[in-house]
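In full-length UniProt numbering, the protein residues as written are 1 to 1268. See structure below.
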Amino acid sequence: MPEASPGSTSEPGNQLTIANLKPAQPLEILRELASQGTVLAEDIKSEGQQLPRVLLIEPKSKKAQLPPLFDFRYFSDSDQFEQSLEDDAQASSWDEQIRRAHGSYFEKLYRLYEALVALRAGLQQFLQQLLAGQFLHYSLDTMLLSNDGKKLLLEAIYSLGSAMLTLAHHIPDLPRERSVVAFFRLKGGTQAVGPSINAVMKLCAATGSNPSAKQPPAGFPESFLARFPLEQQPVLQLLNNLRQDDLYSALQHFPNPEHRSVALSRQAVRVYITLYYCPKLLHRDAPLMRSLVDRHFADCWVIPFSQGRLADLAAEWEAFGAAKATLLGTLVPGRVKLLAASHADMAVGLQKQLQDYLVEGQLKEEYVLEHNAELLDCLRSCNVTLRWLLLHASTNHRKLRPVVAAAAAEPPDALLGLLLDTALMENRVRRIAGRLLGSKQERWEAQKQVVASSLTRLATFFLALKAASAVRGTHLDASPGSDGSRLSVWFDELTQQVEGMDLDDGAGSNRRVQQLNAALDDVERFHPAEAAAQTKAYLAEIRGHLARLLRLADLQPELLHALDHVAAGAWAWAPLQSHTARLQAMVRDDPSNVAKVLCLADKLRQGEEAPLLLLEQAGSPDLARIAACSHARLLSFTQRLLQGVPAAVFEALEAAAQLRREHDLELPARVERDQLRDYALLPQRAHLLRLTSRMAAFANGLLGPTLFSPVANGGDSLPGLEPHKLLTEGIRSHLAQRLAQVLTSALAFPGQPVALPYDRSGAAHAPLLAVAFGRSPTAELIAAGQELSRKLRGLCAWSASLRSSLECSQHVLGIQARPMWNAEIENLTHTAMALELKAFQADNKASQGSGSAKQALNPPSTWLGAVASELLRIADPQLLQHSSQQMAWVDATGRQAAPLHLLQTLHDSLGTPAMGALHKLLGRRICSAAAAAVQLCRAELSSGLCGHVANLGEVLQDPLAGTDGAPAVLAEMTKRGSRLWPRLEAALAAAGQAAPLQSHIAHQMRLHARVSCAGSLTSPLETLQQARALSLAAAAQPGSSAQPPLSIASGMPQHGRRNQQLALAVRQPRGQAGTQSLAAIGNSSMATAATDWTQGHEASGLDAWLRLAGLSDSRGLDKPAPGAEDGRQLPEELPLLMLLLLHNLLPDCMYSQANAAVQLSSKPSRHADLQSLLHGIVLMLSSSGNLQRLLEHLGESIHAHIQAATSMAAHGAQAAGIEVTMPPEVSLLVGLAEAIIAKACLPHSHLHKFISPFICASAHTVFADRVL
């Protein structure tokens, strides 16, 4: 044990006092102590819900690695523990991390422990001073004579015991000890921690209790509370007074003697805690226990306390002789069986009675005004019955549990239904009574006017009747002084009496109403026989008005007070925790239960106001904070109950979508009469109507009149439940989950997927692209394309039907369907895009960090990567060729494997955001493949090939190097790089393979843009894109100081908050491909712009693809691809290596008449697809003049071959009359150069800068001759 500072003792009561305990009246001190205990209990509960995981780790075995957090055994030999920690470097590092991460939390917990010890010290000090007579005119006897004194003393003791039990329940033994030791080590010892350490250790020592156990350990909580005892005399005298007292005046709200235990339930909880501070009563004082049990626990032995916890006295008092004997003597099995059966029968009758009351139109103002006592009695019985059945169903006593279960075997749904109906009726009665009381004075005055007007009409009727009798010559006379005149005067006096009635004088008003009723009876007895019917009607109407006037006078605010006491539902917290799942199922099954759950939340809130009232009376500064915590907990529970509402609504939406998908419910513009019945589809439309009605019922229950209003305390308003947000966010969450699930399952493809479309390793003879893409026969690829199209069409139909259901139901649900759909599609796309790019980055880092040239082909991690991999697998360059004319990939016979309509279906099913993401993902793959090719070239150059390549450059630039010097050197260098060419071809072909796909996707998005959006928007954005491309071209020129723009939105003015980021995907302009840097290949055709003129437009036009297609945003998805390299940093020898690569292809090249271009021979080739290979070369060299240097080297190579063939200058051969035979290598090299010019989107005349038109024409002549 750590030693306390000199002069201190281990007993906290002798040294610790509450800091803010100022000299004041005893009642004020008690109120302050009680409020501090309430605040401490709430704080302990909040901190217990945030316990770090390291405090909760328990040793599962002796060899298990535990965090360096010690229990109280640390104090027995702290030096040994510290030394073992220093010897273990890993534990020391872990210890330092825990200090940094949780040091402040440990200190917060320790301050709570200190405050709890100080609270007990303050209460003990107060009791000692009270017994010593240190308070003027105040002693223990005088305090116990006043109801407030007894109540506050009971509240102070209860708050201390409740806070200690809350500590034991929410912060278990091991975390308590670990947190104390951690704080002690953090501060550096006793001197730094302070003298309170011994008292805190006494408080936090292990008790052996387990919060998840059904039964507490033996001696708990007696032994735990006995660590800090209180003075026995005040506790004993207080308990003696509680045998007869009703401190909370609750019996007046429960006049039925059978409800006494429920009426005294709040006092009973405090008696239960207070008894543990005088345990000798529980053990030996049978007479006192008999009085307390008979008054408080005679028929209710399971009591709720501390919000969500139950105490089963039959089980807890097993170890206390007097308490056990007294309680079990009362709770004999036969009596318990009768109690359970009585409450079960009562529940059935009350359920029927509530259903009669809750019939639509029954609970109106007149009915509540007339039958308020009857309604209050019904609600009182409902609460008593529900309380008994729900609480005692959880009893753990071995003898009482089967008796209760057998006698009260009520189905759980029936009890929960009764609870919900009770809450609904309480809410309706409270609202109607509140309206009546709020407008009581206005209704009273209006009702008096009605009664006075009725009396005036009755007087006029009698005057007219007398006048008619006089005309007929009867004995009645209407002259002044006659009977008719006196009767009129009498009625005027009655009217004046009614107008003089005062609402504040209830007794006087009651007497006057009785006198008026007696007078009206006299009028009815002595009225003329010929006017009997009319008189009775008038008198009945006046009596009704008088009765309403009397009921208004009898309506008092005590009705609401009684209703609040009866309906307080704090006791229901614990039972509802075990029935949460059933309540959620009831909400999903019946939409009418939604409003009832909101009323149940209001019922629970009624029970939360009692402790807040104590804080308000004490003037606690923590009132707003504690109220906010309590309110937040209630909101969380309510939202958990209502989370089934969005699920049920979305299930109905999906059912409606399936119905629309299976049956065409849209009527054409023109229908033949005999076909109208076929188009009607009445059963399907009726089913759709039922689904819509179900959704409307859920929405009305949740979005109807706000039943859960904010609570105001201390001038601060607490946020209430937001039903619209709950419904909207719930539907959005289920929509996102369903979209992700469908996209993942629908876009799953068999076979080996392609993560990176190239392999950096492999022998020269290996079919490397088959390794990269997965080689398959052409028929299989065509079938795969058809299967992909089928899946995309199915996905398109599913998404269209669900989106249509959302749009058709948005006015019912109060949501905006299209923005919600677009936002979730965008989020899913961005998430998938980020994961795929992260996978790219991890692969690149792994390959670069390992120093190996081989990269594993990991499968795609998302549906977006699966679609991209499937597209790349179908467009296999080994088996298919890309046809620019057909805009498709075709086989040797011209069959299309991936036609253009596949991309159209892809756009219709996945939307513009996914198309833009696919475009960007393909760009990243191009960058990765091109970067891999550059890495291979650098590795080969660094291995010794660099000098030879430089020599080749000198040979090609020297026109007098010899007749066959250059071709020989080319042949030798081509042979020397035989290990490089297969891998380099695979990487370049991979980049070239994805480029046409990327171009077609951009073209498809541009077509969609022109069709869906106004040309006034697309044209300016295309102009901006072209301007950006020109800026990039200027920045890419050697020696240029211009900085490339980050996006086309750079420099554009921003106007107001409603600016939106618009994105336009346009195809890369012709002639600009050679100006893009390698890092920008992936997003060369994506552009973003900021504008604010789109406000007010529907998302279906602009926002659907303009806003959602943009991937250049704050999410960081527009960064350069990992591993991509800038063109200015490419090796200078790279164009010469590409020249050697092209020479390596010459033996297997031929001229295709069908395509009018050079291509590889049709026989099985060891090379990649020529068109993809050339496209990859163009993409890799399209910056900093590298492509121009390649064309220059091609021209030099052609001249060298011509020189070798003719042994003279090629330009002077024809002038000398010598017939020149064009070598086949020259013709093929010219064809390759023309193909490169075409791939680079350059004009054909650009070729003549490097190769003379005469040689080009001669090459075409040779091609024609060979074809002939």
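Note that CB positions come from ideal geometry on N, CA and C, so glycine has one too. These numbers were taken from a predicted model, which means no experiment stands behind them.
When only Cα atoms are considered, H137 and K202 end up about 37 Å apart. Judged by beta-carbon spacing, P557 lies beyond the 8 Å limit of A697, meaning their Cβ atoms are not closer than that value. Using a Cβ distance threshold of 8 Å, A407 and A341 count as a contacting pair. The shortest CA-to-CA distance from I44 to any of S93, L152, H169 and A319 is the one to H169.
Assignment of A226 by DSSP, reduced to helix, strand and coil, places it in the coil class. Cα atoms of R99 and V181: separation of roughly 12 Å, rounded to the nearest angstrom.
Sequence-distant Cβ neighbours of H397 in its own chain, meaning closer than 7 Å and more than five residues away, are D312, A314 and A315. Of the residues R895, L864 and S1182, the one whose Cα lies closest to the Cα of A875 is R895. DSSP places I57 outside any beta strand (DSSP E), giving it a letter other than H or E. One alpha carbon belongs to P1253, the other to C946, and they sit about 33 Å apart.
Residue nearest to H296 within the set S265, P234, F320 and C278 is S265 (criterion: CA-CA distance). The beta-carbon separation of K448 and E499, rounded to 6 Å, stays under the 8 Å limit for a contact. Contact annotation: E1196 and L956 have beta-carbon atoms nearer than 8 Å.
Nearest C-alpha to T638 among L702, Q617, R670 and S693: L702. Per the Cβ contact rule, the segment 158–166 is not in contact with the segment 138–148 (fewer than 3 Cβ pairs under 8 Å).
By the Cβ-count criterion, S636 is exposed, with fewer than 16 other Cβ atoms from all chains shown falling within 10 Å of its own Cβ.
Per DSSP, P412 lies in no beta strand (DSSP E); the unbroken alpha helix (DSSP H) holding it starts and ends at P412 to G438. The beta-carbon distance between P412 and H579, rounded to whole angstroms, is 6 Å. This is short enough to meet the 8 Å contact definition. In the DSSP assignment, I825 forms no beta bridge with any residue. Residue environment: V293 is assigned as buried (16 or more neighbouring CB atoms within 10 Å of its CB, all protein chains considered). Look at L703 here: in three-state DSSP terms it is helix. In terms of Cβ geometry, I782 and A897 form a close pair [threshold 8 Å].
For P1243, the three-state secondary structure derived from DSSP is coil. The C-beta of E114 has 16 or more other C-beta atoms within 10 Å across all chains shown, which makes the residue buried. Just so you know, the alpha carbons of A699 and Q1004 end up roughly 40 Å apart. Taking a contact as a CB-CB distance under 8 Å, the pair P646 and I731 counts as one, their CB atoms being some 5 Å apart.
In the three-state scheme derived from DSSP, where H, G and I count as helix and E and B as strand, L1160 is classed as strand.
Taken atom to atom, the span from the alpha-carbon of Q252 to that of Q606 is near 18 Å.
Short of 8 Å from the beta carbon of A686, and not among the five residues preceding or following it, lies no beta carbon of its own chain. Look at the segment 139–179 and you find no whole run of beta strand (DSSP E) that is 3 residues long or longer. For M833, the closest of N510, H631 and L864 by C-alpha to C-alpha distance is L864.
Contact between P575 and L376 fails: their C-beta atoms lie close to 23 Å from each other, not under 8 Å. Setting aside the 5 residues that flank it on each side, S394 is surrounded in the same chain by V302, L310, D312, A574, P575 and S578, each with a C-beta closer than 8 Å to its C-beta; the list follows chain order. When DSSP states are grouped into helix, strand and coil, W889 belongs to the strand group. Membership of P304 in the beta strand (DSSP E) is indicated by the continuous run V302 to F305. Q886 and A914 have their C-alpha atoms spaced approximately 24 Å apart.
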